[in-house]
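Working notes, beginning with the structure itself.
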């Protein structure tokens with residue numbers, strides 16, 4: 280158990296003092312323990328400012344994602360006393376790095392931005408020395424993995440509450456999706472000796488459910504079907520406003536493309552798509568928005584004139600291939616870094632409208 284940005288006393292404008300309710304209920308805000316050949320370190324990396332907070336007055340709830348100087352001093356001493364040949368697992372609430380992006384003119388492979396000070400990450404790796412480090416974080420309501428080096432990586436595990444439970448409410452519990460389309464879920468870590476393997480476990484679904492496939496010819500998100508209450512003069516939802524939240528899916532397509540959202544993808548995964556009668560297709564990693572999240576969240580929000588928070592986010596754990604036919608089936612095979620392969624044969628056409636009604640997705 281570690282504190283996050285919702286675990287501070289909102290009536291206190293002090294990081295240390297605002298943590299007292301957490302300490303009273305759970306214990307220290309940072310601590311460590313050994314289990315087997317792994318040294319686990321749990322740390323608080325939200326520095327709570329809460330400007331304007333005072334007894335009887337809630338402040339602005341502001342905070343910064345970083346370690347305090349006291350925490351860094353403690354971390355250094357802790358790792359000096361940890362076994363010299365162990366693996367280190369660091370648990371934090373806020374992420375060190377952002378989601379993975381596509382290569383661009385400045386980056387030849389998967390890359391990310393920093394959310395925590397890079398100096399904190401450098402200090403962690405320096406204190407760890409030659410010992411491998413696995414960082415487990417949350418906070419983002421998305422799922423991603425970043426490798427800093429062969430022995431250093433961060434896994435951001437998504438959220439049990441997905442998009443703050445809203446999609447579960449809107450679909451009467453049929454489904455619940457994070458902002459990148461990843462199902463609500465959690466990470467399962469299998470630690471044998473100092474070796475670690477991990478897998479993402481969606482809530483209410485079999486562990487084999489590791490991706491979702493779309494037939495883009497049939498992913499039209501039109502206002503008449505998905506937002507029947509939205510009018511140009513209703514709650515200031517104009518056509519331009521609507522387009523801003525459906526991200527191009529309001530335009531019909533007939534390019535025979537399929538889109539696959541691989542929830543737990545990282546740079547060591549492989550994605551293979553084979554079209555019936557046409558062989559293996561070229562697969563391209565793309566930035567895209569998950570259509571089901573758009574329908575189940577953005578469209579519901581606009582339809583009810585709700586605030587557009589926790590809207591669909593772009594993600595780069597999407598993969599696209601172009602088929603020769605609009606009706607051919609495709610075999611999708613996703614293999615993780617541990618050699619596990621997950622597969623599905625998608626019969627086309629697959630209609631988005633049917634996907635929104637089915638518990639399968």
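In the working numbering, the protein residues as written are 280 to 640.
No residue lacks a Cβ here, since even glycine has one placed at the ideal position from N, Cα and C.
In this text, all values refer to a predicted model and were calculated from it rather than measured experimentally.
Less than 8 Å between the beta carbons of residue i and residue j, yes or no?
i, j, result
"residue 495", "residue 562", "no"
"residue 430", "residue 415", "no"
"residue 616", "residue 564", "no"
"residue 560", "residue 549", "no"
"residue 345", "residue 329", "no"
"residue 583", "residue 381", "no"
"residue 400", "residue 375", "yes"
"residue 407", "residue 367", "yes"
"residue 461", "residue 421", "yes"
"residue 580", "residue 608", "no"
"residue 476", "residue 316", "no"
"residue 350", "residue 321", "no"
"residue 570", "residue 610", "no"
Bridge partners for residue i per DSSP, in chain order?
i, result
"residue 614", "549, 620"
"residue 597", "540, 565"
"residue 464", "481"
"residue 412", "367, 431"
"residue 344", "325"
"residue 424", "434"
"residue 456", "462"
"residue 591", "Residue 591 pairs with nothing; no bridge assigned."
"residue 386", "383"
If you draw a straight line from the C-alpha of residue i to the C-alpha of residue j, how long is it?
i, j, result
"residue 533", "residue 575", "24 Å"
"residue 511", "residue 503", "In this prediction, residue 511 scores a pLDDT of 49, lower than 50, which makes its location untrustworthy; no coordinate-derived value is stated."
"residue 419", "residue 373", "8 Å"
"residue 289", "residue 280", "20 Å"
"residue 435", "residue 593", "16 Å"
"residue 478", "residue 463", "14 Å"
"residue 447", "residue 364", "44 Å"
"residue 450", "residue 572", "11 Å"
"residue 522", "residue 362", "55 Å"
"residue 637", "residue 558", "29 Å"
"residue 310", "residue 371", "11 Å"
"residue 336", "residue 295", "18 Å"
"residue 526", "residue 613", "26 Å"
"residue 291", "residue 622", "51 Å"
"residue 499", "residue 334", "52 Å"
In three-state terms, what does DSSP make of residue i?
i, result
"residue 558", "strand"
"residue 308", "coil"
"residue 350", "helix"
"residue 490", "strand"
"residue 336", "strand"
"residue 357", "helix"
"residue 500", "coil"
"residue 524", "helix"
"residue 314", "strand"
"residue 320", "strand"
"residue 512", "Any reading at residue 512 must be qualified, since the residue scores a pLDDT of 44, below 50, and its modelled position is unreliable; no value is offered."
"residue 297", "helix"
"residue 609", "strand"
"residue 469", "strand"
"residue 529", "coil"
"residue 475", "strand"
"residue 634", "helix"
Q: State whether the region 456-470 contacts the region 602-613, with contact taken as three or more CB pairs (one from each stretch) at a distance under 8 Å.
A: no
**Q.** Segment contact, 8 Å Cβ cut-off, at least three pairs: the region 291-306 with the region 354-372
**A.** no
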